[in-house]
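Read in order, the letters of the first sequence are residues 253 to 732 in this note's numbering. Where is the CB? At the ideal position from N, CA and C, for every residue including glycine. Everything on this sheet refers to the single structure shown next.
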Amino acid sequence: MAENITPQKQDFAQWYQDVIREAELADTSPVRGCMVIRPYGYAIWERIRDNLDARFKATGHENAYFPLFIPQSFINREAEHVEGFAPELAIVTHGGGKQLEEPLVVRPTSETIINHMFSKWIGSYRDLPMLLNQWANVVRWEMRPRAFLRTTEFLWQEGHTAHATEEEARSETMRMLRVYEAFAAENAAMPVIPGRKTDREKFAGAVETYSIEAMMGNGWALQSGTSHYLGTNFARAFNTRYLDENNEQQYVHQSSWGVSTRLVGAVIMVHGDDAGLRLPPELSPVQVVIVPISRTDDERSAVGEAAARICRDLEGAGVRAKVDDRQTVSPGFKFHHWEVRGVPVRLELGPRDLQAGVVTASARNRPGRDAKFTIGLDAVVSEIPRRLSAIQREMFEEAVARRDAMTWEAATYDEYKAVSGEREGFCRVWWAGGPDEEERLQQETKATIRCIPLDQEGGEGACFMTGRPSRSMAIVARAY
RNA sequence: CGGGGCGUAGCGCAGUCCGGCUAGCGCGCCUGGUUCGGGACCAGGAGGUCGGAGGUUCAAAUCCUCUCGCCCCGACCA
253 MAENITPQKQ DFAQWYQDVI REAELADTSP VRGCMVIRPY GYAIWERIRD NLDARFKATG
313 HENAYFPLFI PQSFINREAE HVEGFAPELA IVTHGGGKQL EEPLVVRPTS ETIINHMFSK
373 WIGSYRDLPM LLNQWANVVR WEMRPRAFLR TTEFLWQEGH TAHATEEEAR SETMRMLRVY
433 EAFAAENAAM PVIPGRKTDR EKFAGAVETY SIEAMMGNGW ALQSGTSHYL GTNFARAFNT
493 RYLDENNEQQ YVHQSSWGVS TRLVGAVIMV HGDDAGLRLP PELSPVQVVI VPISRTDDER
553 SAVGEAAARI CRDLEGAGVR AKVDDRQTVS PGFKFHHWEV RGVPVRLELG PRDLQAGVVT
613 ASARNRPGRD AKFTIGLDAV VSEIPRRLSA IQREMFEEAV ARRDAMTWEA ATYDEYKAVS
673 GEREGFCRVW WAGGPDEEER LQQETKATIR CIPLDQEGGE GACFMTGRPS RSMAIVARAY
């Protein structure tokens, strides 16, 4: 069927690249590590962006824009931050034909420049909380790029907030993590596990890092969003202080949180199949594609007219619909074209349908010719939105079912090592280990502690590596 | 930076070991016609510094030296 796409089971990494090429999501760039996001891939990002942006606004955040260039000395102010980012910085040394007095770092993230500004803008407790977000590109020099998942330049959103108290900042950190979780479930049809990162996986400069972890089609984990409690680390480095009710100077407590174009990769790998991309209706740039079928000129005009009317009616009902009225390719070609691109619903409209007063429909998540069904012309506008909701729900349920089927438990490290050889996916373990155990785990099995889920079932057990008693379980998995 | 693979038409490749016809094949592209309910068919056509530089030779895609780049697997990361 999809002759240009390697089957997932044969080679998942190759399948991923094939889908990106065939669906025209992205292309390689002349600069290693960078990628060109093509219009269709960018349209998916726009859907992600618009959905999230609305959620940020609804939680009281405002958008702003901070500069791409950051004085190198800013990065150096927070000890852990420098250490963490130094290896992946791009640094500009020349401008206007002259060597710069101070090199400029191309932002890898904006905590430093934003704190520089916050320290000017925040004077008293009345200025707090400050809740900002920016949509921007960032650069982190990558040794091993992968389209969407890890590129040297990527697009993202970074929220930065300042609060009077630790409690408020911590609560903001968790609130935004839950916003990501809701976006993933409701828009991306992607179940995720919100959890706390171990110190080893923590953001450089944060007190605590939380993430949402999603399971890809091959059982690997993908960190799909992060939220950090920064404490007063950057506030101290940049002297971001406010005067409290008692006329005393206090450092602000901060959070930062982000998701990136990596989410596009997540959607590909969570939902895609051997025929290509499958998009949840919420994120699909085109939700319904209408393919007119005709032989004679008379048929063409009758069918074309009907197709245009259906399209208008659907758009009127808030559905993103499109007629593929190209004369230069056959209907069969169009079927594949839109299947590879993951469009949730296809309507075929030909003379036979018009005669019978119906359209022939098929849902991308129920592949195959036999799964086609018909909808009465009168019922299209009422039926399609219901179908789209159903597809959205089915795709989420399917992803949940696969994740659950590929999640298992191990009581001891030996058991983990024995089973993980044959079993992909997430392994739940009791965890009370430290950096040494994590290091050993990664060296010996290539897996890492993805997170310690926030939503624990309770109980107590012995840490699978150290044997020490623990009240929390962790997720162990291979990760991108 | 280590290990592996690859650079020949827009894309995918053969040809390279063992030097020798005018550098080929599939897809795509252009023109015309017939088609159109699951990637249509026929005929004609356009398209190449064989990644780059140097060398060996009567003769180099093919052999030698150097070089540039890309992809995959590992260490770092959203």
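(request) Compare the beta carbon distance of R680 and T659 with 8 angstroms and say whether it is the shorter of the two. (result) For this step, residue 680 is matched to residue 428 along the first sequence. For this step, residue 659 is matched to residue 407 along the first sequence. Less than 8 angstroms separates the beta-carbon of R680 from that of T659.
(message) Suppose you measure from the CA of Y668 to the CA of E676; what does that come to, to the nearest Å?
(response) For the purposes of this step, residue 668 is taken as the residue at position 416 of the first sequence. For the purposes of this step, residue 676 is taken as the residue at position 424 of the first sequence. Distance between the alpha carbons of Y668 and E676: 11 angstroms.
(request) Report the partner residues of H412 according to the DSSP bridge assignment. (result) For the purposes of this step, residue 412 is taken as residue 160 along the first sequence, with counting starting at 1. Its beta-bridge partners are L384, S508.
(request) Check the C-beta distance from V504 over to H415 and give it rounded, since I have them as a contact under 8 angstroms. (result) Mapped onto the first sequence, residue 504 falls at position 252. Mapped onto the first sequence, residue 415 falls at position 163. So it is a contact: roughly 6 angstroms between Cβ atoms.
(request) Kindly give me the distance between the Cβ atoms of Y268 and M521, rounded to whole angstroms, as I take these residues to be in contact under 8 angstroms. (result) Taking the first residue of the first sequence as position 1, residue 268 is located at position 16. Taking the first residue of the first sequence as position 1, residue 521 is located at position 269. Contact flag correct, Cβ pair sits at about 6 angstroms.
(message) Considering only their Cβ atoms, is the gap separating N389 from F406 smaller than 8 angstroms?
(response) As a position in the first sequence, residue 406 is number 154, starting the count at 1. As a position in the first sequence, residue 389 is number 137, starting the count at 1. Closer than 8 angstroms, so yes.
(request) Look up K372 in the DSSP assignment and say whether it is helix, strand or coil. (result) Within the first sequence, residue 372 is the residue found at index 120, counting from 1. Helix at K372.
(message) If you follow the beta strand (DSSP E) that H480 is in, where does it begin and where does it stop?
(response) On the first sequence, residue 480 is found 228 positions in, with the first residue counted as 1. Start and end: 473-483.
(message) According to DSSP, is S614 part of a helix, a strand, or is it coil?
(response) Along the first sequence, read from residue 1 onward, the residue named residue 614 stands at position 362. Note: S614 maps to strand in three-state DSSP.
(message) Could you tell me the alpha carbon to alpha carbon distance between S476 and A558, rounded to whole angstroms?
(response) Walking along the first sequence from the start, residue 476 turns up at place 224. Walking along the first sequence from the start, residue 558 turns up at place 306. Computed Cα separation, rounded: 42 angstroms.
(message) Strictly by DSSP, which residues pair up with S463?
(response) For the purposes of this step, residue 463 is taken as residue 211 along the first sequence, with counting starting at 1. Answer by DSSP bridge pairing, in chain order: G447, T478.
(message) I need the boundaries of the beta strand (DSSP E) containing W393, first residue and last residue.
(response) The residue labelled residue 393 in the question sits at position 141 within the first sequence. No beta strand (DSSP E) holds W393; DSSP gives it neither H nor E.
(message) My output table needs one value for I296: the three-state DSSP class, helix, strand or coil.
(response) Position 44 of the first sequence, counted from the start, is the residue given in the question as residue 296. I296 falls in the helix class under three-state DSSP.
(request) Find the nearest neighbour of R392 within the set R593, G411, K372, V357, judged by alpha-carbon distance. (result) For the purposes of this step, residue 392 is identified with residue 140 of the first sequence, where counting begins at 1. Nearest option by C-alpha distance: V357.
(request) Using three-state DSSP, classify P533 as helix, strand or coil. (result) For the purposes of this step, residue 533 is identified with residue 281 of the first sequence, where counting begins at 1. If DSSP states are grouped into helix, strand and coil, P533 belongs with coil.
(message) Check whether the region 548-555 and the region 506-521 touch, using three or more Cβ-Cβ pairs below 8 angstroms as the test.
(response) no
(message) Distance check for C715 and A489, CA to CA, integer angstroms please.
(response) In the first sequence, the residue the question calls residue 489 occupies position 237. In the first sequence, the residue the question calls residue 715 occupies position 463. Roughly 37 angstroms separates the two Cα atoms.
(message) If distances are taken between C-alpha atoms only, which option among E709, G711, A726, R730 comes closest to Q695?
(response) On the first sequence, position 443 is the one that residue 695 refers to. Of the candidates E709, G711, A726, R730, the one whose C-alpha sits nearest the C-alpha of Q695 is R730.
(request) Compute the Euclidean distance between the alpha carbons of K372 and A487, then round it to the nearest angstrom. (result) What you label residue 372 is simply residue 120 of the first sequence in a count that begins at 1. What you label residue 487 is simply residue 235 of the first sequence in a count that begins at 1. About 12 angstroms.
(request) On the DSSP bridge assignment, give the partners of G347 in chain order. (result) Taking the first residue of the first sequence as position 1, residue 347 is located at position 95. Bridge partners of G347: K350.
(request) Have a look at M253 and A527 and give me their C-alpha separation to the nearest angstrom. (result) The residue labelled residue 253 in the question sits at position 1 within the first sequence. The residue labelled residue 527 in the question sits at position 275 within the first sequence. Its pLDDT being 42, under 50, M253 is placed unreliably in this model, and the value from its coordinates should be taken loosely. The straight-line gap from Cα to Cα measures roughly 7 angstroms.
(message) So, with DSSP's three-state summary, where would you put P291?
(response) On the first sequence, position 39 is the one that residue 291 refers to. The answer is helix: DSSP assigns P291 an H, G or I state.
(request) Would you list the one or two residues that DSSP bridges to A456? (result) The residue given as residue 456 occupies position 204 in the first sequence. Looking at the DSSP assignment, A456 forms no beta bridge with any residue, so it has no partner.
(message) Between the alpha carbons of N256 and T280, how many angstroms are there, rounded?
(response) To locate residue 256, count along the first sequence from 1; it is residue 4. To locate residue 280, count along the first sequence from 1; it is residue 28. Cα-Cα distance, rounded: 18 angstroms.
(request) Inspect the beta-carbon positions of Q409 and L304 and report whether they are closer than 8 angstroms. (result) Walking along the first sequence from the start, residue 409 turns up at place 157. Walking along the first sequence from the start, residue 304 turns up at place 52. Cβ distance < 8 angstroms, so Q409 and L304 count as in contact.
(message) Using CA atoms only, rank isn't needed, just tell me which of A573, F318, D666 is closest to M369.
(response) Locating residue 369 in the first sequence gives position 117, counting from the first residue. Measuring from the Cα of M369, the nearest candidate turns out to be F318.
(message) So if DSSP puts T280 in a beta bridge, which residue, or which two residues, is it bridged to?
(response) Numbered from 1 along the first sequence, position 28 holds the residue referred to as residue 280. In DSSP, T280 forms a bridge with M287.
(request) Please report how far the alpha carbon of A771 lies from the alpha carbon of N328, in whole angstroms. (result) The question about residue 771 has no answer, for the chain in this structure spans 253 to 732.
(message) Measuring straight from C-alpha to C-alpha, what distance separates A306 and P603?
(response) Taking the first sequence and counting its residues from 1, the one referred to as residue 306 is at position 54. Taking the first sequence and counting its residues from 1, the one referred to as residue 603 is at position 351. Answer to the nearest angstrom: the Cα atoms are 43 angstroms apart.
(request) Could you have a look at N315 and say whether DSSP puts it in helix, strand or coil? (result) As a working note, residue 315 is residue 63 in the first sequence. Three-state result, N315: strand.
(request) Name the residue from E453, F455, A456, Y462 whose alpha carbon lies nearest to the alpha carbon of I445. (result) For the purposes of this step, residue 445 is taken as residue 193 along the first sequence, with counting starting at 1. It is Y462 whose Cα lies nearest to the Cα of I445.
(request) Can you tell me which of the three DSSP states V671 falls into? (result) Against the first sequence, residue 671 aligns to sequence position 419. It is helical.
(request) Report whether the distance from the Cβ of R378 to the nearest heavy atom of the ligand HEM is below 7 angstroms. (result) The ligand HEM is absent from the structure shown, which contains no ligands of any kind.
(request) Use the C-beta contact count for S325: other C-beta atoms within 10 angstroms, 16 or more gives buried, fewer gives exposed. (result) The sequence position of residue 325 within the first sequence is 73, counting from 1. When all chains shown are included, S325 counts as exposed.
(message) Using only the alpha-carbon positions, how far apart do A608 and P583 sit?
(response) Position 356 of the first sequence, counted from the start, is the residue given in the question as residue 608. Position 331 of the first sequence, counted from the start, is the residue given in the question as residue 583. Their Cα atoms are separated by approximately 20 angstroms.
(message) Below 8 angstroms on the Cβ atoms is my contact criterion, and I expect F665 with Y494 to pass it. Report the Cβ-Cβ distance as a whole number of Å.
(response) For the purposes of this step, residue 665 is identified with residue 413 of the first sequence, where counting begins at 1. For the purposes of this step, residue 494 is identified with residue 242 of the first sequence, where counting begins at 1. The amino acid at residue 665 is misidentified as Phe; the sequence shows Tyr. The Cβ separation is near 48 angstroms, so there is no contact.
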